[in-house]
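Participant: For what it's worth, the numbering used here labels the leading residue of the sequence shown as 7, then goes sequentially. Cβ coordinates follow ideal geometry from the N, Cα and C atoms, glycine included. Note that the coordinates shown come from a computational prediction; the quantities given were computed from them, not determined experimentally.
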Amino acid sequence: MESYFQTNKKSWIESSFYNRAFKILIESREVLKWSYVVAFFLEAGNDSHIFEGVQSGLEMATEKLNELLETEIYPETVDKLKWEIINASEFALDRKRALQYYS
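(1) To the nearest angstrom, report how far apart A98 and A104 are at their CA atoms.
(2) What do you reckon, is the C-beta of R101 under 7 Å from a heavy atom of the ligand GTP?
(3) Apply the 10 Å Cβ neighbour rule to T68 and answer buried if 16 or more other Cβ atoms are within range, or exposed otherwise.
(4) Can you find at least 3 beta carbon pairs, one from the stretch 39-48 and one from the stretch 85-94, that sit closer than 8 Å?
(5) Out of S21, L31, Q106, S22, which one is the CA nearest neighbour of A94?
Right, dumping it as structure tokens:
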């Protein structure tokens, strides 16, 4: 995507959402990595079910964001893809914060 923005002379501001999405993706994967350790030591009960549900939500949000970031960019679809990436980034960030809250 960065090459698209460079070849089409887009400003840094117009492409900053992309870098932010990558940062959120990396942070989400980091939180997920450690959440499996926490889940392993949780005693079975309501708290563990809530935790696993939130963890599952973050897994799905992270995978969706990853798919969008791997998508091929075409000039006619760049605006739609941009908003999909922004929405998926915010959703993943929300799920990450929720999982950190329950950890």
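Facilitator: Reading it off the structure:
(1) As a first step, residue 98 is located in the sequence shown; it is residue number 92 there, counting from the start. As a first step, residue 104 is located in the sequence shown; it is residue number 98 there, counting from the start. Whole-angstrom Cα-Cα distance: 10 Å.
(2) Here there are no bound small molecules, and the ligand GTP is not part of this structure.
(3) In the sequence shown, counting from the first residue as 1, residue 68 sits at position 62. Buried: at least 16 other Cβ atoms inside 10 Å.
(4) no
(5) Translated into the one-based positions of the sequence shown, residue 94 becomes position 88. Out of S21, L31, Q106, S22, L31 has the C-alpha closest to the C-alpha of A94.
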